[in-house]
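Asker:
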Amino acid sequence: MTVYFIGAGPGDPELLTLKGLKLIQRCPLILYAGSLVPEEILAEARDDAEVLDTASLNLDEIIAHIERAHANGQDVARVHSGDPSIYGAIGEQIRRLEALGIDYQVVPGVTSTSASAAALGRELTLSGISQTVIMTRYAGKTPMPERENLVSLAQHGATLAIHLGVTRLHKIVDDLVPFYGADCPVAVCYRVGWPDEQHITGTLSDIVAQVRAAKITRTALILVGHVLGSADFRDSYLYDAEQAHVYRPKFKTDAPRKVKRAAPATPSSTTRQGDA
Ligand SMILES: C[S@@+](CC[C@H](N)C(=O)[O-])C[C@H]1O[C@@H](n2cnc3c(N)ncnc32)[C@H](O)[C@@H]1O
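Those letters in the sequence shown? Residues 177 to 452, per our numbering, in order.
1. Do you know offhand how far Q449's Cα is from S328's?
2. Using 8 Å for Cβ pairs, my map puts T301 next to T335. What's the rounded Cβ distance?
3. Should H241 be listed as close to ligand 2, given that the test is whether its C-beta is under 8 Å from any heavy atom?
4. Cutting at 6 Å between CB atoms, please list the residues of its own chain near T377, excluding the five before and the five after it.
5. Just to confirm before moving on: does the CB-CB distance between L397 and H339 stay below 9 Å?
6. Cβ atoms of S261 and S288: under 9 Å apart, would you say?
7. Could you check where the beta strand (DSSP E) with Y180 kicks off and where it finishes?
8. Taking the continuous beta strand (DSSP E) assigned at A253, which residues delimit it?
9. What's the C-alpha gap between A245 and H421?
10. Nearest CA to the CA of E226: which residue from R254, P214 and I348?
11. Near T446, which residues of its chain fall below 7 Å by C-beta distance, leaving aside the five closest residues on each side in sequence?
12. Would you say the beta carbon of D461 is closer than 8 Å to some non-hydrogen atom of ligand 1?
13. Once DSSP output is grouped into helix, strand and coil, what is the label at R313?
14. Taking 8 Å as the line, does the beta carbon of T335 fall inside it for any heavy atom of ligand 1?
15. Quick one: what does DSSP say R394 is sitting in, helix, strand or coil?
16. From what residue to what residue does the beta strand (DSSP E) around P361 run?
17. So L329 is in the alpha helix (DSSP H); what residue range does that whole segment cover?
18. The alpha helix (DSSP H) spanning D351 covers which residue range?
19. Taking 8 Å as the cut-off, is the CB of T377 close to at least one heavy atom of ligand 1?
20. Given a cut-off of 9 Å, decide if L235 and A269 are closer than it, judged by their beta-carbon atoms.
21. Among the candidates Y180, A330 and A247, whose CA atom is the shortest distance from the CA of T308?
22. Would you call the region 268-287 and the region 185-195 in contact, with 3 or more CB pairs under 8 Å?
23. Are the beta-carbon atoms belonging to S384 and H375 less than 9 Å from one another?
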């Protein structure tokens, strides 16, 4: 028996991984975070599966359901929004499972940062502008460690992906203007992948008024950085004709290598160095 922590992606059911879908289709118990996981993916569950929304449950209650499945030898699909490793609260569940001797695996998902960048049609790492993305949150009930407060992080000038902070956008702007400048581009991406998705784009000087006018108060990712606005950046070295690398030697044939179609890829054969 295994508990599978599955990242469901940001909201669009088609952004669930094939691995996550197959597990949802076969697990007899599905525990899903109802507030942010699209119900469409649960329609893929077996007819006899038990499907429980954990939004109203506490940690002990969730673990009790898992222990019951464990006693019955039933696999569990534990479905979280986005990628479960980012503010997914899987750490405390994993700690309990390890103490109970229950096996688990984590299946990654599309995080809201990647989904928001995709929705905007932007790259978050541009040569000469920023090569670092800081995924962070604004302090709420969960305090931030002092060394990770936004002012400290802002000193790097990196691209920022700020979670759980839209109701404190005015404070975020106050913290960032001294480091990024009032004209720095900002995007507030609301419920990306859901039918009511919205993106509000502006600068640190006008984003607060725009977001207030749109009445966005939850489930929004705040992206900040000059990568969002600039067309004035260097081409990367990856496709630079003057730069040879192991997959593109200096002297090469005119046509790109044709790929011979093979049997479906195994998980370990899907990544290669030197390509993006
Ligand atoms: C508890 S965190 C979960 C993050 C999630 N595990 C992920 O990988 O994106 C919730 C916050 O993530 C961001 N978020 C999650 N889903 C989103 C979506 N569909 N659109 C925009 N932001 C989203 C928002 O900042 C939201 O307040």
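From the three backbone atoms N, C-alpha and C, an ideal C-beta is built for every residue, glycine too.
Since we're looking at a predicted model, the values are computed, not measured.
Answerer: So, from the listed chains and residues:
1. Numbered from its first residue, the sequence shown carries residue 449 at position 273. Numbered from its first residue, the sequence shown carries residue 328 at position 152. Because Q449 sits at a pLDDT of 49, beneath the cut-off of 50, its placement in the model cannot be relied upon, and the point is left open.
2. Translated into the one-based positions of the sequence shown, residue 301 becomes position 125. Translated into the one-based positions of the sequence shown, residue 335 becomes position 159. With 8 Å as the limit, T301 and T335 qualify as a contact, their Cβ atoms being about 7 Å apart.
3. Annotation note on ligand 2: not contained in the displayed structure, which lists ligand 1 as its ligands.
4. In the sequence shown, counting from the first residue as 1, residue 377 sits at position 201. Answer for T377: A363, listed in chain order.
5. As a working mapping, residue 397 is identified with position 221 in the sequence shown. As a working mapping, residue 339 is identified with position 163 in the sequence shown. H339 is positioned such that its CB atom lies closer than 9 Å to that of L397.
6. For the purposes of this step, residue 288 is taken as the residue at position 112 of the sequence shown. For the purposes of this step, residue 261 is taken as the residue at position 85 of the sequence shown. No, the pair does not count as a contact, with Cβ atoms beyond the cut-off.
7. Residue 180 sits at position 4 when you count from the first residue of the sequence shown. Segment T178 to G183, the beta strand (DSSP E) holding Y180.
8. The residue labelled residue 253 in the question sits at position 77 within the sequence shown. Start and end: V252 to H256.
9. To locate residue 245, count along the sequence shown from 1; it is residue 69. To locate residue 421, count along the sequence shown from 1; it is residue 245. Rounded to the nearest angstrom, the two C-alpha atoms are 51 Å apart.
10. Here residue 226 refers to the residue found at position 50 of the sequence shown. That would be R254, whose Cα lies nearest to the Cα of E226.
11. As a first step, residue 446 is located in the sequence shown; it is residue number 270 there, counting from the start. With a pLDDT of only 44 at T446, under 50, the local geometry of the prediction cannot be trusted, and the value read off the model is given with reservation. Here the set comprises nothing.
12. Lying before the first or after the last residue shown, residue 461 is absent from the chain, which here runs from 177 to 452.
13. Here the question's residue 313 lines up with position 137 in the sequence shown. R313: strand per DSSP, three-state reduction.
14. As a first step, residue 335 is located in the sequence shown; it is residue number 159 there, counting from the start. Not so, every heavy atom of ligand 1 lies at least 8 Å from the Cβ.
15. As a working mapping, residue 394 is identified with position 218 in the sequence shown. Note: R394 maps to coil in three-state DSSP.
16. The count along the sequence shown starts at 1 and reaches residue 361 at position 185. Counting along the chain, the beta strand (DSSP E) containing P361 begins and ends at P361 to Y366.
17. Taking the first residue of the sequence shown as 1, we reach residue 329 at position 153. Residues L326 to A330.
18. For the purposes of this step, residue 351 is taken as the residue at position 175 of the sequence shown. Counting along the chain, the alpha helix (DSSP H) containing D351 begins and ends at L345 to Y356.
19. The residue given as residue 377 occupies position 201 in the sequence shown. It does not: the Cβ of T377 is nowhere closer than 8 Å to a heavy atom of ligand 1.
20. Within the sequence shown, numbered from 1, the residue matching residue 269 stands at position 93. Within the sequence shown, numbered from 1, the residue matching residue 235 stands at position 59. Per the sequence presented here, residue 269 reads as Gln, with Ala not at that position. Against a cut-off of 9 Å, the Cβ pair of L235 and Q269 comes out as a contact.
21. One-based indexing of the sequence shown puts residue 308 at position 132. Ranking Y180, A330 and A247 by Cα distance to T308 puts A330 first.
22. A contact exists between the region 268-287 and the region 185-195.
23. Mapped onto the sequence shown, residue 384 falls at position 208. Mapped onto the sequence shown, residue 375 falls at position 199. For clarity, residue 384 is Val in the given sequence; the question names Ser instead. Their beta carbons are not under 9 Å apart, which means V384 does not touch H375 by this criterion.
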